[in-house]
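In the UniProt record's numbering, the protein residues as written are 1 to 459.
Given below as structure tokens:
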């Protein structure tokens, strides 16, 4: 049996037909400056072995020795976000039946679309689509596929990095406000800055597979604060109040990093990567739906329509328990930040090496990743209500990459019979995804309007 790393090197990004670079379409225009022409000539002169060496350095394809349980806690880290603490508030807006139905339908659709991406990862025998844009290029052509997928994926991932920076800073501030009340006057900006410094160090982790320890801790933390919310709300046990009928809160999904996670799993003809990946995803999504429903139902049952948009605020006491939950949120978003940022690092580094001719190495990684982390942290400190912007603009691309784009790709490549199970399921997912894209920005716009009234830069 061949070594999985060796056998897959010929089908990694850069060696697939019609795919010159992991991040740029094959017919990208030539640079007009002399240095650009020289760099392009160097890229064109690379041998297959050199391309394989570059691929083995890039963070997504550098290590393919992941176990199935790695994908489980990667996906728990990506999906059970701090937004789960807002589900009781969403339930208070929709009511019991509509609220629970919305959560379950959303879970089913994302679970189904994730399964589609797992199958499509190796839909062409002997090839692996290690990145979302690669699959897009296979489905829609080198140029169109790139421009359909890459901008949307980058918006989600970069925006998530900024939101996690804000969330990490806020959670750390809440923790110290409760534990050391004399620190209450310390501005949130400094806590976001501390979070950014932490990410500067962790971002030097060489590849996706190296994040397994960080991701495991983050997954445990996310389940931890979800269980704190569930148990504390259940004990509180207040009667539910009359509720009104508005919109449901959105949540994070891991489809944006699905192919990148699967790329770390070894694959052979006898044991394709989809087997291990699917096992991990099933475990992850069982944990996800339990956390979602447990937090949503217990929080709404305890506080009714008086519940805050963060159920930890409604809990108030005991202080030590709320402080513990907030520090768990902090450690969780440290891992989530890395899960969503690693594909961005891959984009940056593959462009610098594959298209501009930079030499791969630690110095390039240090400079490129540090600049990205610093930029994300700076935006987070300047615009602490960036979550509203994510709701306004991100809802459009979240619903696309997570709800209907996998289904569109499935219809294009698999061509299921009209009115078959997969044809119907795909079209239902597409319709719901489009509706979410239309209506989800409304909540984000409202949050921006409310936050802007009291906005102060570097607050």
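Every residue gets a Cβ at the ideal spot worked out from N, C-alpha and C, and that includes glycine.
{"Query": "Beta-carbon contacts of residue 118 that lie in its chain and below 8 Å, excluding the five residues immediately before and after", "Result": "258, 262, 274, 277, 278 and 281"}
{"Query": "C-alpha distance - residue 143 paired with residue 226, whole-angstrom precision", "Result": "42 Å"}
{"Query": "Where residue 422 sits in the DSSP three-state scheme", "Result": "helix"}
{"Query": "Per-residue burial, residue 65 [other beta carbons within 10 Å of its own, 16 or more giving buried]", "Result": "exposed"}
{"Query": "Between the CA atoms of residue 107 and residue 139 - distance to the nearest angstrom", "Result": "25 Å"}
{"Query": "For residue 167 and residue 206, the rounded distance between their alpha carbons", "Result": "25 Å"}
{"Query": "contact_flag[the stretch 413-426, the stretch 92-105] where n(CB pairs < 8 Å) is 3 or more", "Result": "no"}
{"Query": "Length of the line joining the Cα atoms of residue 25 and residue 135", "Result": "Unreliable placement is indicated for residue 25, whose pLDDT of 42 sits below 50; no coordinate value is reported for it."}
{"Query": "Opening and closing residue of the alpha helix (DSSP H) in which residue 290 lies", "Result": "273-303"}
{"Query": "Segments assigned alpha helix (DSSP H), at least 4 residues, entirely inside the stretch 70-142", "Result": "87-94, 96-120 and 132-140"}
{"Query": "Opening and closing residue of the alpha helix (DSSP H) in which residue 194 lies", "Result": "188-202"}
{"Query": "Integer Cβ distance of residue 312 from residue 103, believed to fall under 8 Å", "Result": "With 8 Å as the limit, residue 312 and residue 103 do not qualify as a contact, their Cβ atoms being about 19 Å apart."}
{"Query": "Cβ contact (3+ pairs, closer than 8 Å) linking the stretch 122-133 and the stretch 304-323", "Result": "no"}
{"Query": "Euclidean distance between Cα positions of residue 439 and residue 53", "Result": "45 Å"}
{"Query": "For residue 414, the three-state DSSP class (helix, strand or coil)", "Result": "helix"}
{"Query": "Distance CB(residue 404)-CB(residue 373) smaller than 8 Å", "Result": "no"}
{"Query": "Whole-angstrom distance between residue 196 and residue 137, CA atom to CA atom", "Result": "34 Å"}
{"Query": "The ligand PLP heavy atom lying under 7 Å from the CB of residue 255", "Result": "With respect to small molecules bound, the structure shown includes none, and the ligand PLP cannot be examined in it."}
{"Query": "Rounded separation between residue 441 and residue 155 - CA only", "Result": "15 Å"}
{"Query": "Proximity below 8 Å, CB of residue 339 to CB of residue 77", "Result": "yes"}
{"Query": "Under 8 Å between C-beta atoms of residue 71 and residue 265", "Result": "yes"}
{"Query": "Nonlocal neighbours in the same chain, by C-beta distance under 8 Å from residue 399, ignoring five residues either side", "Result": "433, 434, 436, 437 and 440"}
{"Query": "The stretch 230-238 / the stretch 197-216 touching (three or more Cβ pairs under 8 Å)", "Result": "no"}
{"Query": "Member of 171, 62 and 58 whose CA lies at the smallest distance from the CA of residue 330", "Result": "171"}
{"Query": "Pairwise C-alpha distance: residue 289 and residue 110", "Result": "11 Å"}
{"Query": "DSSP three-state assignment for residue 212, whether helix, strand or coil", "Result": "helix"}
{"Query": "Pair within 8 Å by beta-carbon distance, residue 351 and residue 161", "Result": "no"}
{"Query": "For residue 64, the three-state DSSP class (helix, strand or coil)", "Result": "coil"}
{"Query": "Which of helix, strand or coil DSSP assigns to residue 237", "Result": "coil"}
{"Query": "Of the residues 89, 165 and 343, the one placed nearest residue 157, counting alpha carbons only", "Result": "343"}
{"Query": "Residue 199 vs residue 397 beta-carbon contact at 8 Å", "Result": "no"}
{"Query": "Element boundaries [alpha helix (DSSP H), containing residue 346]", "Result": "319-354"}
{"Query": "DSSP three-state assignment for residue 177, whether helix, strand or coil", "Result": "helix"}
{"Query": "Residue 89 vs residue 346 beta-carbon contact at 8 Å", "Result": "no"}
{"Query": "Backbone secondary structure at residue 510 - three-state DSSP", "Result": "The chain is shown only over 1 to 459; residue 510 falls outside these bounds and no answer can be derived."}
{"Query": "Local conformation of residue 401 per DSSP, three classes", "Result": "helix"}
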